[in-house]
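Written out below as structure tokens is the structure these notes cover.
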Amino acid sequence: LKNVFSKQNAWQFVLLLLLLCANWGIEARKWQLLMRPIERVGFLTSVKAILSGLALSLFLPNGFGEYPARALYMKDGNRMRSIALNVAGSMAQLIVTLIAGIISLIYLKQFSWPQTMQIQGLSSLWLNGIISMIVMGTALLIIIYFRLSWITGLAEKIPFVYKYKYLIESIETFHWKELTRILYLSCIRFIVFAVQYILVLHLLKVKIDLIDAICTTCVLFLFLAILPTIPFADVGIRGEAGGQLFGLLTPNAFGVVVTIAVIWFVNLIIPSVAGSLFLLSVKLFKKADKLNKKT
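According to my numbering, the sequence shown is numbered sequentially starting from 533.
Below is the structure:
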């Protein structure tokens, strides 16, 4: 660790922080595009909304806190409507994570894990079953994603849903080209996230083949996407999962755990601090606005 924090590695830490900005900047741009059917949002406002959502979601499982926090930055009539559009964005990111995870899982099973699987007693049949279920789930999710407008139209015919159709009808405006663009941005963000892991693994001298490192990172993302966790408390789960997965290819368990802890701190805790300040400013502004109206 002493060797890692040296002047020679300073540029790599700068790169890590730049990738942090790129990661959440892409997410902000994606949210900005998602909100277009109901409201034009500036990029800076979009960044504030994303970081505020991250801050609130730290204490709720699988990012559920993102939706109400982001909605605070919309106009009063659009807040509930924005939630359905947020779900579409989450679906896009999940699709990218699942596809990359499946490809990586198949590669590792075929080329990197055969000997380790025998030593660890892992069942190839059991692994094939998991891959098959994830493939079917991913295929279904892709169909739903690109047929959102059609599914929304069907849902609106249900009497109970029809009463609240104004909340979801904005999804019908999405063309497949726009959905593909959101998927493209999700893919770039995924790549940025993966590069951060590879960079920190390199910093901590975790000796592992580059392709194996990329694929194992993608499988780790797949695992974390499926498993319901609370971001603030899941560093232990991330460390255990990463230790088990990377442990199949490298004995440097300490380097792997520290890598995951560093990424967790840089990508979640640092931006969440900024997001909590934005949330506080929104609350204070709204209180002041109410007081002014009363007076």
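Glycine included, every Cβ here is placed at the ideal spot set by N, Cα and C. It should be emphasised that the depicted structure is a prediction, and the values quoted were computed from it without experimental measurement.
Close Cβ partners of residue i (< 8 angstroms) along its chain, the five nearest in sequence each way excluded
i, result
"Gln473", "With the chain covering only 533 through 827, there is no way to say anything about residue 473."
"Ile663", "Ile634, Leu637, Ile638, Lys641"
"Thr670", "Ile627, Leu630, Ile631, Ile634"
"Ile558", "Leu717, Ile720, Arg721, Val724"
"Phe575", "Ala560, Arg561, Gln564"
Beta-carbon proximity check, residue i vs residue j, cutoff 9 angstroms
i, j, result
"Ser578", "Ala603", "no"
"Val751", "Leu637", "yes"
"Trp645", "Leu550", "no"
"Ala587", "Val794", "no"
"Ile746", "Ile666", "no"
"Ala620", "Ile714", "yes"
"Leu777", "Phe755", "yes"
"Asn828", "Leu552", "This structure leaves residue 828 out entirely; the chain is present only between 533 and 827."
"Val573", "Tyr599", "no"
"Thr782", "Ile743", "no"
"Leu672", "Phe706", "no"
"Ser614", "Ala601", "no"
Integer-rounded CB distance, given that residue j should sit under 8 angstroms from residue i
i, j, result
"Phe725", "Asn555", "6 angstroms"
"Ile674", "Ile627", "6 angstroms"
"Asn535", "Glu571", "Their Cβ separation, rounded to whole angstroms, is 50 angstroms, which puts Asn535 and Glu571 out of contact at 8 angstroms."
Beta-carbon contacts of residue i that lie in its chain and below 7 angstroms, excluding the five residues immediately before and after
i, result
"Phe678", "Trp708, Leu711"
"Lys539", "none"
"Tyr729", "Thr749, Thr791, Ile795"
"Leu547", "Leu731"
"Asn541", "Leu735"
6 angstroms CB neighbourhood of residue i in its chain, flanking five on each side removed
i, result
"Ile651", "Residue placement at Ile651 is flagged as unreliable, the pLDDT there being 42, under the threshold of 50; a coordinate-derived value is accordingly withheld."
"Gly807", "Leu583, Ser584, Leu586, Ala587"
"Pro569", "Ser702, Thr705"
- On the three-pair Cβ rule with 8 angstroms, is the region 728 to 740 touching the region 568 to 584? The region 728 to 740 is not in contact with the region 568 to 584.
- Query: Does the region 782 to 791 come close enough to the region 733 to 752 to have 3 or more Cβ pairs within less than 8 angstroms?
  - Reply: yes
- Item | Three-pair Cβ contact test at 8 angstroms for the region 562 to 574 versus the region 803 to 813 | no
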